[in-house]
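Below: one structure, written as structure tokens.
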Amino acid sequence: SYPGRDLLFVARDEMRMEVMADALSFISPEEQLVVFPAWDCLPYDRLSPKQQVGARRINALSKLTESEVRARLILLTTCNATLQRIPSGLNKKKSHWLLSKGDRINVADLTGYLISNGYTRLGQAMEPGDFAIRGSIIDVYPADAKYPVRVDLFGDEVDEIKTFDPVSQRSNGNLERVSFLAASELLLDPHKIARFRDNYRAHFGAITDHDPLYEAISAGRKFEGMEHWLPFFFDNLSTIFEYLPNAAIALDEFLEMAIDSRVSDIGDFYESRLETQLPNELATTQKYNPVPMGRMFLSKEEWNACIQKHAIIYLNGFDGGDHTGISLDVQGKKGKNFSNERRSNDIGLFDS
């Protein structure tokens, strides 16, 4: 119905998103599919999203912003991901580094890139987002990769690029080139740190007690769970809908119920953080100052206003009756699961 036009599919949960991605890959292998998952942690959590999840999100946003003129794509995402505000722009030139065999590099420049883009320097690269440097060997575990890579230098020239098993440290493949993307949606720099400090004090008053979050960010150190204060690091946040302003939107079956449930959960988690807390000497956990809901999440009214700017396709598993004009029956039927045949010893399953 919308040839050449971007399409945004909003699934009610992660499983539906992945199933739809698999189905489209099979049915329309020529289409460019991009998956944008939600964070794998609860609203107002003390844990950060996993770096693999962050990398998939960054990879998706980079594809949306890589050029003004590109082929059409289908973006698959979820109810939870669309309700959360995200940074309004991604500077791909700063967050992307392509390294090829034969390139001449400055190790200090590569180290600076990795650190400024959320990678952590350790003795070994064991997890996504880790890197290690030992003489002329640089190990990096790209945030969106299955295996880490080992870059072997000859002087300042890239001599070999190999993937390896992080446990055995044995090489399991050769590469001609490797691409690095940022390992986090929230990269600390002096401007973001200053914004965070100003916004944090403006909302919660002068910092008089021990506050590990505020102290870590002020010192330029990553802090577990700091992504849940994302709005304090930016002047403005955007939505995934604004990344695809001309896309048609397909809404999953029962999506409205999922939206209502998620909005309710966000409110519950926010209120639980506002409950009266014990004095510091009696508390078992540090005080949590939550970001206002409206700064971090869309309300249902705001979400509806966003989608109304687009052409909307509603998916419905039921027969709608008259299919002329506003609806189309694609003749989708549930496959037979042979459950009765599987339970019976008297029926030949393969004959059935």
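So the sequence shown is numbered by the working numbering: it starts at -15 and just counts up by one.
Glycine included, every Cβ here is placed at the ideal spot set by N, Cα and C.
Quick caveat, the model's predicted, so the values are computed rather than measured.
Classification of residue i by the beta-carbon crowding that lies within 10 angstroms, buried from 16 upward
i, result
"G102", "buried"
"L98", "buried"
"E169", "buried"
"P174", "exposed"
"V151", "exposed"
"T192", "exposed"
"L(-8)", "buried"
"E199", "exposed"
"V362", "For the chain, the structure presents residues -15 to 336; residue 362 sits outside this window and is missing."
"M241", "exposed"
"G113", "buried"
"M210", "buried"
"S79", "buried"
"N329", "exposed"
"L258", "exposed"
"V162", "buried"
"F322", "exposed"
"P13", "exposed"
"F188", "exposed"
"I42", "buried"
Neighbourhood of residue i by C-beta distance below 8 angstroms, restricted to the same chain and skipping five residues each side
i, result
"D244", "K284"
"D143", "K85, D136, L137"
"K320", "none"
"M1", "F(-7), A(-5), V19, P21, L60, T61, T62"
"A232", "S(-15), Y(-14), R(-11), D(-10), L(-9), L(-8), H294, A295, I296, I297"
"M(-1)", "none"
Contacts around residue i, its chain only, beta-carbon distance under 7 angstroms, and the 5 residues preceding and following it disregarded
i, result
"F148", "Y131, P132, R134, R154, S155, N156"
"E325", "I331, L333, S336"
"F217", "L170, K176, R179, F180"
Identity of the residues DSSP links to residue i by a beta bridge
i, result
"R134", "D123, K146"
"T104", "D114"
"V(-6)", "T61, L235"
"W81", "F164"
"S155", "F148"
"P71", "L221"
"E141", "R88, F138"
C-alpha gap between residue i and residue j, whole angstroms
i, j, result
"L235", "P21", "16 angstroms"
"V87", "L159", "A quick correction: the sequence has Asp, not Val, at residue 87. Those two C-alpha atoms are separated by around 13 angstroms."
"K146", "I89", "17 angstroms"
"R246", "L67", "8 angstroms"
"G251", "L26", "12 angstroms"
"E265", "P196", "Model confidence at E265 stands at a pLDDT of 47, short of 50, so the residue's coordinates are unreliable and nothing is read from them."
"S202", "G316", "56 angstroms"
"Y125", "G119", "17 angstroms"
Top-ranked residue by Cα proximity to residue i, from the options
i, options, result
"W23", "R185, A39, L172", "A39"
"L31", "Y272, A92, K318", "Y272"
"L228", "K34, E2, R56", "R56"
"K318", "S311, S328, F302, L258", "F302"
"H212", "H187, H194, V275, F10", "V275"
"S222", "Q36, L8, A65", "A65"
"N129", "A166, S100, E141, N300", "Per the sequence shown, residue 129 should be read as Ala rather than Asn. It is A166 whose Cα lies nearest to the Cα of A129."
"S72", "N288, S311, E226", "E226"
"I291", "L172, L239, R185, D29", "L239"
"G107", "G139, G96, I121", "I121"
"D140", "N183, A109, D93", "D93"
Spatial neighbours of residue i in its chain, beta-carbon cut-off 6 angstroms, leaving aside the 5 residues before and after
i, result
"R279", "P215"
"K47", "V18"
"K34", "D24"
CB contact below 8 angstroms: residue i versus chain B
i, result
"H212", "Looking for chain B here will not work: only one protein chain is present."
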